[in-house]
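These notes are about the structure you will find just below.
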Amino acid sequence: MLKHYRSANDYFRELFGCKVYKLALSCSDTCPNRDGTVGTGGCIFCGAEGSGEFAEICKNSSDLESAIAHAKKRVSSKTNGGSYIAYFQSFTSTYAPISRLEELFTAATERNDIVALSVATRPDCLSDSIMNLLKRISERKPLFVELGLQTIHETTAKSINRGYALNVYDTAVDRLHKINANIITHIILGLPGESSEMVEQTAKYVGKVTDGIKLQLMFVLKNTVLADMYYNGKYKPLTLEEYSDMLCRCIEILPPNVVIHRLTGDPPKRIMIAPEWAADKKRVLNHISSEFERRDMLQGKYFH
Ligand code: SF4
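All residue numbers for the sequence shown refer to this note's numbering, where the first residue is 765 and numbers rise by one.
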């Protein structure tokens, strides 16, 4: 089968010379879009755990020791040698007090078993003091910063209650490139009211500035505004066929150097409502592979 994109696995092997596993950690328990600083209620799709259902909570460097040990245990069935990235995933990982972030990020990157730091955040949560801290970290070890953009379209951004404008993302990208951070942008396929063309426009825009991308299916999770919309018939999730088609189109648009860190996502099963097909990740990935092959055949790629 042809290779259709630059995968995170391949990229990490190039960069670190070995297989690398992410240890999901949590240093923040809210975000400015929930606590009233920017908004309340959060993004309409966000579950109670703030996208970090499997992350190990740590508030200081002694928590970090046990959090890393637990996180390693969680991935142990998959590991066979290799190294680790400390991945601060939940809510907005630069929204905790700066003293806590300094302590945790420093302690994590001082460890020999941690080859890099990855921090998931919002582009409006990168104050000067956070940027200074991230700069110091990036001088020590590779730094990945994940930005939850989801879409470039302001109408959608408003309807999902994202809470910041596109130019905030643009500014964050410029500043992060200046400190040598590797930027991973999150986009969501299947947002309410978004056509395939709109998603492609987002992929095209992001592809020009980001180093990596996470392509994420829109899940409907329990106790969210999106769940109410779903039950009221105001939101219809994508079918597997629609998702695979949209995803392949995005990957075809993205420049080949952009690393694809995610093709679908892992919905937390105990709180997931729809789409039901998303619970079977193996089936989803197989379907995506078949869609790539179908497109190759149509374009006659196997015959050249
Ligand atoms: S997706 Fe991120 S920014 Fe939006 S409510 Fe959840 S934690 Fe906050």
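From the three backbone atoms N, C-alpha and C, an ideal C-beta is built for every residue, glycine too.
Asked: Exposure of isoleucine 862, with buried meaning 16 or more beta-carbon neighbours within 10 Å; Found: exposed
Asked: Whether glutamine 1082 touches leucine 955 by CB criterion (8 Å); Found: In the structure as shown, the chain starts at 765 and stops at 1068, and residue 1082 therefore has no counterpart that could be examined.
Asked: Top-ranked residue by Cα proximity to valine 937, from Asp888, Lys842 and Ser902; Found: Asp888
Asked: Cβ-heavy atom distance, arginine 1026 to the ligand GDP, below 7 Å; Found: In the structure shown, the ligand GDP is absent; the only ligands present are the ligand SF4.
Asked: Given lysine 837 as reference, the closest of Ser902, Asn824, Phe818 and Ser825 once Cα atoms are compared; Found: Phe818
Asked: Residues of its chain near lysine 1000, where Cβ-Cβ distance is below 7 Å and the 5 sequence neighbours each way are ignored; Found: none
Asked: Histidine 944 burial status per 10 Å Cβ neighbour count (16 or more: buried); Found: This sequence places asparagine at residue 944; histidine is not what is there. Per the 10 Å Cβ criterion, exposed.
Asked: Validate contact between the stretch 795-813 and the stretch 828-846 using beta carbons, cut 8 Å, 3 pairs; Found: no
Asked: Reduced DSSP category for isoleucine 1035 - H, G, I as helix; E, B as strand; rest coil; Found: helix
Asked: Closer than 7 Å: asparagine 797 CB and nearest the ligand SF4 heavy atom; Found: yes
Asked: Cβ shell of histidine 917 (< 8 Å), same chain only, five flanking positions each side left out; Found: Glu958, Met962, Gln965 and Thr966
Asked: The stretch 1000-1012 in contact with the stretch 968-987 per 3-pair CB rule at 8 Å; Found: yes
Asked: Segments of 4+ residues assigned as alpha helix (DSSP H) that fall wholly inside the stretch 949-984; Found: 960-971
Asked: Rounded distance between the beta-carbons of isoleucine 1052 and leucine 1011, thought under 8 Å; Found: 6 Å
Asked: Element boundaries [beta strand (DSSP E), containing lysine 910]; Found: It should be noted that the sequence gives glutamate, not lysine, for residue 910. Per DSSP, glutamate 910 belongs to the beta strand (DSSP E) from 907-914.
Asked: Spatially closest choice to alanine 831 from Asn876, Ala872 and Asp793, by CA coordinates; Found: Ala872
Asked: Straight-line gap, serine 923 to asparagine 876 (C-alpha atoms, nearest Å); Found: 44 Å
Asked: Residues of its chain near glutamate 867, where Cβ-Cβ distance is below 7 Å and the 5 sequence neighbours each way are ignored; Found: Asn824 and Ser825
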